[in-house]
Amino acid sequence: MKKVALLIETSRSFGRQLIMGIAGYSKLHGPWSFYKEPTDIKSSMPHLANWKPDGIIARDFLISDELLQLNIPVIVSVHKAKIPEKLPIIKTDNQAVAKMASEHFLEKGLKNLAFCGYDHFYWSNERGSYFSSFNNEAGYQTYDYRQKEALIKSKWEVEQQLVSDWINGLPKPVGIFACNDDRAQHILEVCKILNLKVPEDVSVVGVDNDPLICNLSDPPLSSIVLNNKLAGYKAAELLDKMINKKTVAVENIIVSPSHIIQRQSSDGLAINDPDVSQAIFYIRQNAKNKILVNDVVKSTKLNRRTLERRFKQQINRTIYEEIRRARIELISKMLIETNMSITEISSFFNFTDTEHISRYFKLEKRIGPRQFRKLYRP
């Protein structure tokens, strides 16, 4: 039986999901015996060395020279970017995360966009930089605030005042992309103090979809879901090969975002045109039906040409593109969050058969619904 040490914190959703993926691989290809030490690795090193693990999966801040001297396979989950060379790493695709956040706000018609993070974590800086880049491509400026490393040990009241002053000075309505759920919760608390309405004045999206944070937040927090469970499974698969001394090139395990779970913190539209707003509401309400562009036009008092022009002005999409986007978004949500079969989902959306829904879905996502579910379901 292989013995694997897991030096991964469990206080956050990221670590817990990673471990679930590792455990899933063990159930199929093991069993493995696990040594779990989330924090005080220094004091437990003698015990870990005596246990003689066959391999280790660890967060980078728990890696030490003493640990590496055990000369066993190690895979590192990156947090602070201080990575020993020539080790396989688990790393989040922060470009894809930022793209998802940018598109989420732009789809809602928001033109004032902001990022709130930390300046001492590489992943936060990457998310902020990519977010700004995507917004620039769309023609919008990004307002940026990142906590300085020197303020980490300061009282929360000091940082809270700085965040408060920053948010107070932002043009409204504004969409704020927070580097993670913790930061997003800080923003929501500050909005309460400033008597700002969420999502009417400030729309907020975090990252990690930590159930505890998202559901305790007031209002509940929208968050980008990372496929940590799949990454954990792939990391265990790679470690298994390394332990078996199979020739394995150093490779990275990429944690991809799957979708945004929208809760009240970003459940709004920043659209000044009441006719476009009414049309989008109609599309959302009828996303499961095979509605046509003319059906949407009839839900307003405008002719098709005028409504098409206003759609482009407000959300930079045609009416047909918005219908398709709404349907694909709902199909994706059902694939990930329900146990409904592809046949049942196909019937729900009034497709003639599973081949029809597969072609429709693949045109947008580049992969079929079954592959999508396999890739992104937690």
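If you number the sequence shown the way our numbering does, the last residue is 758 and the count never jumps. Where is the CB? At the ideal position from N, CA and C, for every residue including glycine.
Three or more Cβ pairs closer than 8 Å define a contact, and the stretch 652-669 meets that threshold against the stretch 721-730.
Annotated as proximal: Val585 and Ala481, with beta-carbon spacing under 8 Å.
Under a 10 Å Cβ-count criterion, Gln642 is classified as buried, with 16 or more other Cβ atoms of the shown protein chains found around its own Cβ.
Note on Gly489: 16 or more other CB atoms within 10 angstroms of its CB, so buried under the neighbour-count rule. Fully contained in the stretch 552-588 are the following alpha helix (DSSP H) runs of length 4 or more, in chain order: 561-573.
Per the coordinates, the alpha-carbon of Thr698 lies some 6 Å from the alpha-carbon of Phe691. Looking only at Ala438, Pro749 and Tyr740, the smallest Cα-Cα distance to Met714 is reached by Pro749. Tyr520 carries a coil assignment under DSSP once its states are collapsed to helix, strand and coil. Val538 and Phe495 have their alpha carbons spaced roughly 19 Å apart. In terms of Cβ geometry, Gly508 and Asp524 form a close pair [threshold 8 Å].
Pairwise C-beta distances place the stretch 595-615 in contact with the stretch 389-409, as three or more of them are shorter than 8 Å. According to DSSP, Gly395 shares a beta bridge with no other residue.
In this structure, Ser544 lies near Leu574, with their beta-carbon atoms less than 8 Å apart. Relative to Glu631, the option among Gln541, Asp440 and Lys466 whose CA is nearest is Lys466.
A direct Cα-to-Cα measurement between His409 and Ser603 gives close to 33 Å.
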